Each structure stands twice: as C-alpha cells, then as structure tokens.
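Worksheet for the structure shown next.
Numbering (my numbering), first residue to last: 111 to 532.
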C-alpha cells in the first residue's frame, strides 16, 4: 500500500487554518451533520433522564438509563464497526442515521413502556459505533493528510462546545418543550444528518475494490487487533488514548467532591465544564502553525503526563477555585488526544480503519467506565473523593510516563518518520 497522498487530495500549500476547511463542501457537510447531531444527542440525554425520573422517581433507574446511552458502544464497537470496511462508508453513515432516527422516533411516542424504551435506546446506541467508524475512516480521504488533524481538531471543539451548550440549555429546553417533543427533535436531527450526508458527500466504492472478498467477522476483528499489536507505534498511541480512563475520574466524582468542598449544586456544573473548556483551549494552542505536525507528535508524551499530574494536587484537599484551575490545566494538556487519534488513523491501512477505530473506541469506553466505577467504589470505601482522585493521579502519571517512553522509543525506531496514509 502506497504512502503517497493521492493527487485528488494532495495538500494545498496555501491552505492555512480551520477556516479553509469549512470552504471544502464535503467537510462542511460532515461538520454540519455532526454539529446538529451532537446538540440533539445532548438534548435527548437530558430528556430521557427527566422522563425516567418523572415515571419512577428513582435515581438508580435514571442513572441506569443514562448509562445505556454509552454502554452499548462496547459491544457494537467490536462487532459492528467493521461494517465501515465492508460497505461504502457514506452508505453506512446514512443507514445508521436512518435507523437511529426511526428508533428514537418510536421512543418519542407518548406512553411508551419503560422496558421498551430501554430496549429501543440500546438498539439506537448500537448504530453509533459503525457510524463513528465510517466517519472517522472517511475524513482522511476527504481532507488528505495535511488537513486531517485540523479537521479532527474542529470536530473535537464542536463536540466539546456542543456538550457545554447541551448541558447549559438542555434542561431549560426539555422543561419548555417536554421530554417527548425533545426526543422527537433528536430523531429529526438524525434524519437531517442522513439527508445532508447523502446529498453532500461523494459516493466512493468499498476500499479494496468492488471485487474484494469480505472477511468474516472474527477474521476482521482478529486482523485489526493483530495489526495494532504488531506495530509499537499503534500500541503506544492506543495507550495514550486509553489514559483518559484516569483523567475522567474527576467528572464522575464531581458531585461528591463539590459537597466535600462545601460548594453548592451549581459548582457541579462548573466542575463538569472545566475540563472540556480546557480541551478547547488546548486544541487552539496546539493547532498553531508554529508548533508543526512533528512538534505535536513529539509533545504527545509530555502532554499525556501533564494531563495526569494536576490530579495529584487533589491529595492536598483543594478548594473549588483551585480544583477548577487543575481541571482546566488537565484539559489543556488532554488536547494531545487529537494528535494521538489522528496519527493512529493515518498509520492504519485504509481498508482496516473502520474495525481498528471500533476496537480502540470500545477499549476507551471500557477504560472510562471501569475508571469511574472503580473510583466511585474507592471513594465510597475511603470516604474521600479528593483522595481517590489523587490516587488516580498517581496511577495515571505512572502509566503516562511508561506510555510516553514507549511512544518515544517507537518513533526513534522509525527514525522519527511517520509514513501516513490518506
């Protein structure tokens, strides 16, 4: 497989900044579909939580319903992401959007029993992994290697901004519109996304050619896992990504920490917003042209360590203001995830990107879930969320140092050369 960038997506030497990306019609379409879907998803999460709580008055059922918006990705990331390599990627994205739109539309019907609502929610979330894998595998083809990381940066900023806006105004909108109408709007957002992608993204054949013989599921999954394991650069990049399992813990313990710090309920929202805000700022700083692509790759290890070190300060029992600064700094450093993810994709063979992305994202979801669950149990046993976050900082920093060394050695073995594929 050639490492040369195809002529149709060769980098434009005059191309500078994310503004030039929006002028690319295909990327503008993908970005627009993604942005309105993120807002719709946040609205739906709030609507589902309120709907379940209104019917059951149970915090446990409400939390379980919220968990169902993420947990199915563990299964579908492994089993269904390969669809992005077996079928045309635009087709996969459109089909997933139509499926999710229809299912969420059924969920929006008044009087839907809670067991059926939960089942429909799981089905809708199963379609998320193949959509994300197809989108992630298609973006390098649309943008080329020179623009791809900047495109990922725009997508991350959009995602974080969408979450911030969704959490800030989602509750108000759901109260105003009602849970069922809010779910209906989410269903409409999927249908709109399908229309945008179908009309604004070019049709491309299956990677490998029309005569390529589809692999069986276990063969496809095994090949992707073997590919990652055999390449020390890919292994190190996966490790850098999975460090998020430590960094996410302050988010999971935001409410008990706020209570321990003597802050009010409003402080929980500030604690949840600090890390995403830091990532947006970090993405802007790392995206400066003066840093350069190779400079960002050299910074992966130090920034991964820097994202975990602020958690160590929690052992000192920081107040709310100090904790917000710590989370902001951690978020700024965590912007390295953009470069790590983009480099992983561009190092992966084009015909295996969908399945490889699915495996890595499933592992990331698992690491975050295990991290929050283990942290919650540790905080329950110790009686201190601050000490628990500090302990996670120790483990995370140690793991980050090990992974940083592995990444440095992998780059050194390749003489610093990163052969990227669009």
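For glycine and all other residues, C-beta sits at the position ideal for the given N, C-alpha and C. In this text, all values refer to a predicted model and were calculated from it rather than measured experimentally.
Cutoff 8 Å; reference residue i; Cβ partners in own chain excluding five residues on either side
i           : result
residue 438 : 384, 385, 387, 388 and 391
residue 149 : 272, 275, 276 and 299
residue 412 : 514
Helix, strand or coil at residue i [DSSP, three-state]
i           : result
residue 197 : coil
residue 386 : helix
residue 440 : helix
residue 314 : coil
residue 191 : coil
residue 517 : helix
residue 398 : coil
residue 363 : coil
residue 430 : helix
residue 133 : coil
residue 347 : helix
residue 341 : coil
residue 272 : helix
residue 381 : helix
residue 409 : coil
residue 319 : Residue placement at residue 319 is poorly supported in this model, since its pLDDT is 49, which falls under 50; the coordinates still yield a value, given next. In this structure, residue 319 counts as coil in the three-state DSSP scheme.
residue 353 : coil
residue 142 : helix
residue 157 : helix
residue 261 : helix
residue 358 : coil
residue 373 : coil
residue 332 : helix
residue 288 : coil
residue 416 : helix
Buried versus exposed, by CB contacts within 10 Å (16 or more), residue i
i           : result
residue 480 : exposed
residue 117 : Unreliable placement is indicated for residue 117, whose pLDDT of 32 sits below 50; the coordinate value is still reported in the next sentence. By the 10 Å Cβ count, residue 117 comes out exposed.
residue 132 : exposed
residue 314 : exposed
residue 164 : exposed
residue 238 : buried
residue 521 : buried
residue 231 : buried
residue 431 : exposed
residue 400 : exposed
residue 397 : buried
residue 139 : buried
residue 487 : exposed
residue 226 : exposed
residue 191 : buried
residue 508 : exposed
residue 251 : buried
residue 224 : exposed
residue 492 : exposed
residue 535 : Given a span of 111 to 532 for the chain in the structure shown, any question on residue 535 remains unanswerable.
residue 463 : buried
residue 410 : buried
Same chain only: Cβ atoms within 6 Å of residue i, ignoring 5 sequence neighbours per side
i           : result
residue 442 : 388, 391 and 392
residue 433 : none
residue 290 : 218 and 220
residue 204 : 304, 307 and 308
residue 301 : 211
residue 284 : 156, 157, 160 and 292
residue 501 : none
Same chain, Cβ closer than 7 Å to residue i, five either side skipped, listed in chain order
i           : result
residue 351 : 447, 450, 451, 470 and 474
residue 495 : 363, 366, 367, 370 and 489
residue 416 : 443
residue 312 : 136
residue 506 : 353, 356, 357, 418 and 421
residue 261 : 131, 137, 249 and 253
residue 424 : 496, 499, 500 and 503
residue 414 : 350, 353, 446, 510, 513 and 514
Reference residue i, options the options, closest by Cα
i           : options               : result
residue 394 : 423, 266 and 239      : 266
residue 457 : 493, 406, 300 and 345 : 345
residue 338 : 202, 193, 504 and 454 : 454
residue 141 : 487, 515, 282 and 263 : 263
residue 195 : 465, 504 and 145      : 465
residue 361 : 342, 343, 381 and 349 : 381
residue 259 : 516, 407 and 435      : 407
residue 244 : 467, 476 and 347      : 467
residue 209 : 403, 185, 186 and 234 : 234
residue 197 : 295, 332, 334 and 241 : 241
Practice item. Enumerate, from N- to C-terminal direction, the unbroken beta strand (DSSP E) stretches of 3 or more residues contained entirely within the region 211-254. Key: none
Practice item. Counting only runs of 3+ residues fully inside the region 442-508, write out the beta strand (DSSP E) ranges in chain order. Key: none
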